[in-house]
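*Asks:* In case it helps, mature numbering (1 follows the signal peptide of the UniProt record, and there is no 0) puts the sequence shown at residues -17 to -1, 1 to 910.
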Amino acid sequence: MKINRIASGLLLTVALAAASCGTERSDGGKLAKETEAVGLRCRNLIDPEGVDKASLSWRIASDARNVVQTAWQVEIASSKKSLEKGRADVWNSEKQLSDRQLNIVPEGVVFEPGKLYWWRVRVWNAADEVTPWSEPARFSVGPDTAYRWQAEWITSEWGENSPMPYLRKEFDASNSGTKPERAVVYMSGLGCGDLYLNGRLVDETRVLDPAQTNYEQYAFYSTFDVTDLLEKGDNCIGVMLGDGWYNQDKVWSAGMSYGKPMLLLQMEITYKDGSKRIVATDSTWTWAPGPVLSANLYAGESYDANREIAGWASPGTPSGDWKSVRPAEGVIPARLVPQVMEPIRLKQEIAPVAMWQDSAGNWIFDFGVNVAAVPRLTVEQPQGTRLRMRMGERLDDNRRAIDYRTTGVGATGVVQTDEYVCKGTGRETWTPRFTYHGFRYLELSGAATQPDTSWLRAVVVHTDVSRRGSFECSDQQINRLHEMAVRTMLSNTHGLPTDCPHRERCGWLGDAHAVFPFESFNYDMGNFWAKYMADISSTSSVFLENTLHQKLYNTQFYFADKQPGIPFMISPGRRLCGVASPDWGTAVVQLPWYMYLYYDDEDALRKYYGEMKQWVDHVEALTENHIVPYGLGDWCPPGKIDCPIPLSSTAFHYLDASIVAKAAAVLGNTEDSARYADLRDRIGRAFVAEFYDGKNKTFGSQTADAMALDLGLVPAGDEHAVSDAIVRNIDEKYDGFIHTGIFGLGRIGQALSRYGNPEAAWRVFTKKGENSFEWMWIAGDATTLWEVLPIDSAHSDMVYGSLSHPMQGGYDAWFYEDIAGIRPDASGPGFKVIRFEPTMTGQLRWAEATLDTPYGLVESGWRNEDGLLRWKIVIPANASGLVALPEGKNITVDGRAFDPTDYPVARQGLGSPLYRFPSGSYTFEIR
């Protein structure tokens, strides 16, 4: 299948190629003037430092149509100057006949850790015209598992309520007059740490670094290029440590902690003569108590500015009271690996929209939206003034004071609280760096003078994933739902996909597979999801004898041995909540496939293929005639779950077997592909026999019917009838609205609009009043998605569930796929083939979306006026589109009558043929 994919791509390249004008090259070919290689990335990052491997990708920019790549050439050099002079002294791929432009790994090259490499690329089109060389890009790889670290894990002395330490080391960077050419720091501060050099914070926006891992097995280190901060002579490197996840011992149990905070750091200085010097953590470092009195991810941070030590990270500062560090005594990670995923950063500031005083004299700040953030405090107060900030998501019944119950105080035992003690030297600004909170409202107390709204800002905090997609349509309620989904997602993106930003902060596997598609439409999450899949794998690698397994509803359990490779409900960390139920553990199979589909990451399939098969076999062993009896079910509907757990769990078992069959085909394992395809078919027959009401054409509930339609479990020819059954259920049982949990909500839109009921989909998503999405902000004042959506009066005053749960946002993928009409297609993963098939053009006036794919920007925007649909699409170079165009309509393409013979039919779509269009921009008019 893999060979066929490459061959078909090359055949398509030839078939769709269009000649373009060019100028003669010295090697006899022609130089393409309209096309160039741009957007060079290594590990999907721009000019990264310290990646785990050189995996190179690029995009092709062109104003021409029918642009395809038939060959490429990459050159890598040890300096930019060498590269520009054409001396590829590290690697020259020569001309490679291939249309592949993603994840190219140089064969046979061993890259020196820390060394900077420069690379460039050029590509050929079907007419054998070559582009100019791209602008140079650079990368460095970090130390791997074979690297011999000279650094040692160090820590400070710890007593009862010890503050977080300062750690420092002075050193002379001179080397017989030779100037330092490059200085790189590799650092792992556990739980988290801030790096300073010569009095300056190296990266002010980077916080809570590194991301959480299973520390017994491995920890991340981060790489910093500090060349510009290094002085020729005396220097001082310093680190402030925080507890982070490594020493989180205040919530759930003390057993969550791995030990006291510790540090491993190694600076490598390279001089112009090629010599090197290493400055590493060892017994010569010193420490002193710092101003951070405590820092817990759940409870908050306490900071006393009077305990700051001026110049603590600058050379020459007196250090007579500093003590020698101690060897670390906590859990020492078995491996150190580079953090390739983007770091957590402080992002935009949000000003309060209102401020008032409650009956207790506290000042309440309303920031207008519920976010994951930290406060930024700017004040002038007398020395010793202790300002306390407590944060929550909702107000009490009188709407004057904060009600903290939704942030989980009943479970965690703590209220999110930050404290700052003023030093009284004038204007002071402080932002916590070792915690974050989920909140909309902030309570301020302890001020010596009356505050105003300029005192506080909420600084949004999340993993620095880049925006990938945009969506907007003519209906403002749908737009608002889109904004709420995105805001909730960012509030739960902190090194792993969390369930909520306050009470749990856990990486539940069931939530992860529910949100992957919609999150990957909105943000570039490739490195993020790759990290989380490694979390699942490392967490599941242990064997446990007679341990707890999830059975039903998260309230019924059984005990059995857990084999290595079988996942837990949560990853990573020590709060695992038992071995995964079938409908949560399915993430082991779904996530690698999604990585392939959305990012063309075939390595994810290869890496986790064994665990994918193991999971399907594990679940099959639980079945009775292929029916899976266990699971949590369609989690958190507005009321009782009305989709039987065996139905949804069996549907996921069918999906998993189907995915493994497809993955095996991609990897060339024909025997496995046939075996799991046969299992898929047997599960499918058992599913229909057990759950399908053939007379009434339904599986019995909205979620059941939506899952059956989405996964291809409906008997052929009954698809529209099953969609009609959803409409009946909506109208007759639920007041014209949905009744689904997270499994149904992500599928209900497409189950309606793709199978003859777009009008019903429109009614559901635009409905007003009680039993509607609008009720969430009318009665619940919701700005994010709640754990149970407040769609009626029974749920709009929820005080115990979280008010920020992205698992409810799965519907947002339907906005991109069916309203705007942009879908991935497995025939060309990573959006090399894009399916354009909007299904809501008769219900909305207009819609538009963009998607920044690995191949370039994809666009789809349409407007329906007076029976004329004007639709513009953009297909990036070296990609193609499958465009659904109806038969029997008056259609023009760029003002010319559409001739179906100009564009081959790839296959049949939902109701129209899918015509294959090459790259370029197209405007259709359909009357």
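Backbone N, C-alpha and C define an ideal beta-carbon position, used for all residues, glycine too.
Hey, could you find the ends of the alpha helix (DSSP H) tyrosine 581 is sitting in?
*Replies:* Note, tyrosine 581: alpha helix (DSSP H), 570 to 582.
*Asks:* According to the Cβ coordinates, are tyrosine 241 and tyrosine 201 closer than 8 angstroms?
*Replies:* No, Cβ-Cβ distance for tyrosine 241 and tyrosine 201 is not below 8 angstroms.
*Asks:* Serine 706 and tyrosine 738 look like a contact to me (Cβ under 8 angstroms); what is the Cβ gap, rounded to whole Å?
*Replies:* About 4 angstroms separates the two Cβ atoms, so the contact holds.
*Asks:* For tryptophan 438, which residues of its own chain have a beta-carbon under 7 angstroms away from its beta-carbon, when the five flanking residues on both sides are left out?
*Replies:* Leu360, Thr361, Val362.
*Asks:* Would you call lysine 645 buried or exposed, if buried means 16 or more other Cβ atoms sit within 10 Å of its Cβ?
*Replies:* Flag for lysine 645 reads buried.
*Asks:* Run through DSSP, which three-state label would glycine 421 get?
*Replies:* In this structure, glycine 421 counts as strand in the three-state DSSP scheme.
*Asks:* On the premise that valine 599 lies in contact with valine 572, defined as a C-beta separation below 8 angstroms, what is that separation, rounded to the nearest angstrom?
*Replies:* Their Cβ separation, rounded to whole angstroms, is 7 angstroms, which keeps valine 572 and valine 599 in contact under 8 angstroms.
*Asks:* Can you tell me whether phenylalanine 748 is helix, strand or coil according to DSSP?
*Replies:* Residue state, collapsed to three classes: helix.
*Asks:* Quick one: what does DSSP say threonine -5 is sitting in, helix, strand or coil?
*Replies:* Annotation note: pLDDT 38 at threonine -5 (below 50); position unreliable, no value reported.
*Asks:* Go through its chain and collect everything with a Cβ distance to leucine 99's Cβ below 6 angstroms, but skip five positions before and after it.
*Replies:* If we look at leucine 99 and ignore the five residues flanking it on each side, its Cβ neighbours are Arg121, Ser123.
*Asks:* Please name the residue in His485, Ala517, Cys489, Pro480 whose C-alpha comes closest to that of phenylalanine 499.
*Replies:* It is Pro480.
*Asks:* Does the Cβ-Cβ distance between aspartate 693 and alanine 734 come in under 8 angstroms?
*Replies:* Closer than 8 angstroms, so yes.
*Asks:* May I ask you to report which of helix, strand or coil DSSP gives histidine 465?
*Replies:* Residue state, collapsed to three classes: helix.
*Asks:* Please name the residue in Met781, Ala604, Arg828, Leu772 whose C-alpha comes closest to that of asparagine 847.
*Replies:* Nearest C-alpha to asparagine 847: Arg828.
*Asks:* In the DSSP assignment, find the unbroken beta strand (DSSP E) run with histidine 445 in it and report its ends.
*Replies:* Segment 439 to 446, the beta strand (DSSP E) holding histidine 445.
*Asks:* Only counting the same chain, and skipping five residues up and downstream in sequence, which positions put a Cβ closer than 6 angstroms to that of alanine 317?
*Replies:* Here the set comprises Gln200.
*Asks:* Jot down the residue ranges of each uninterrupted beta strand (DSSP E) in the segment 780 to 848, minimum 3 residues, whole runs only, in chain order.
*Replies:* The qualifying runs are 805 to 807, 816 to 819, 829 to 836, 839 to 848.
*Asks:* Which term fits aspartate 401, buried or exposed, when burial requires 16 or more other beta carbons within 10 angstroms of its beta carbon?
*Replies:* Buried.
*Asks:* Check the C-beta distance from arginine 446 over to glycine 478 and give it rounded, since I have them as a contact under 8 angstroms.
*Replies:* As written in the sequence, residue 446 is threonine, which differs from the arginine given in the question. That belief holds up - the Cβ atoms of threonine 446 and glycine 478 are roughly 6 angstroms apart, short of 8 angstroms.
*Asks:* Is it true that the CB of proline 89 sits closer than 8 angstroms to the CB of tyrosine 130?
*Replies:* Result no, Cβ atoms of tyrosine 130 and proline 89 do not sit closer than 8 angstroms.
*Asks:* Considering only C-alpha positions, which residue in the set Pro555, Phe504, Trp346 is nearest to threonine 836?
*Replies:* Here the closest residue by C-alpha is Phe504.
*Asks:* Going by DSSP, which residues form a beta bridge with alanine 430?
*Replies:* Bridge partners of alanine 430: none, in fact.
*Asks:* Whose C-beta lies closer than 6 angstroms to the C-beta of isoleucine 461 among residues of the same chain, with five residues either side of it excluded?
*Replies:* Counting only Cβ-Cβ distances below 6 angstroms, and skipping sequence neighbours, we find Phe748.
*Asks:* Straight-line CA distance for glycine 811 to tryptophan 101?
*Replies:* Approximately 30 angstroms, taken between the alpha carbons.
*Asks:* CB-CB under 7 angstroms to leucine -7, same chain, minus the five flanking residues each way: which ones, in chain order?
*Replies:* Low confidence applies here, because leucine -7 scores a pLDDT of 37, under 50, leaving its location unreliable and the question unanswered by this model.
*Asks:* Span of the alpha helix (DSSP H) holding valine 643?
*Replies:* 628 to 649 is the extent of the alpha helix (DSSP H) around valine 643.
*Asks:* Where in the segment 37 to 63 do unbroken runs of the beta strand (DSSP E), each at least 3 residues long, occur, reported from the N-terminal end onward?
*Replies:* Taking only runs of at least 3 residues, the beta strand (DSSP E) segments lying wholly in the segment 37 to 63 are 39 to 45, 54 to 60.
*Asks:* In angstroms with no decimal places, state the Cα-to-Cα distance between lysine 678 and glycine 695.
*Replies:* For lysine 678 and glycine 695, the distance between alpha carbons rounds to 19 angstroms.
*Asks:* When you compare only the Cα positions, how much space is there between tryptophan 346 and tyrosine 424?
*Replies:* Rounded to the nearest angstrom, the two C-alpha atoms are 10 angstroms apart.
*Asks:* Hey, how far is the Cα of alanine 263 from the Cα of serine 171?
*Replies:* The straight-line gap from Cα to Cα measures roughly 12 angstroms.
*Asks:* Out of Gly844, Trp413, Arg309, Ala282, which one is the CA nearest neighbour of threonine 395?
*Replies:* It is Ala282 whose Cα lies nearest to the Cα of threonine 395.
*Asks:* Measure the C-alpha to C-alpha separation of arginine 328 and alanine 237 and round it to an integer number of angstroms.
*Replies:* Using only the alpha carbons, I get a separation of about 28 angstroms.
*Asks:* Within this structure, are the beta carbons of glycine 216 and serine 258 separated by less than 8 angstroms?
*Replies:* Not closer than 8 angstroms, so no.
*Asks:* Are the beta-carbon atoms belonging to glutamate 23 and isoleucine 87 less than 8 angstroms from one another?
*Replies:* What sits at residue 23 in the sequence shown is leucine, not glutamate. Cβ distance not < 8 angstroms, so leucine 23 and isoleucine 87 don't count as in contact.
*Asks:* Indicate whether the contact test is met: 3 or more Cβ pairs, each with one atom in the segment 539 to 558 and one in the segment 482 to 501, closer than 8 angstroms.
*Replies:* Contact holds: three or more Cβ-Cβ distances are below 8 angstroms.
*Asks:* Which whole-angstrom value describes the C-beta separation of asparagine 144 and aspartate 226, a residue pair presumed to lie in contact below a C-beta threshold of 8 angstroms?
*Replies:* Not really, about 12 angstroms apart at Cβ, beyond 8 angstroms.
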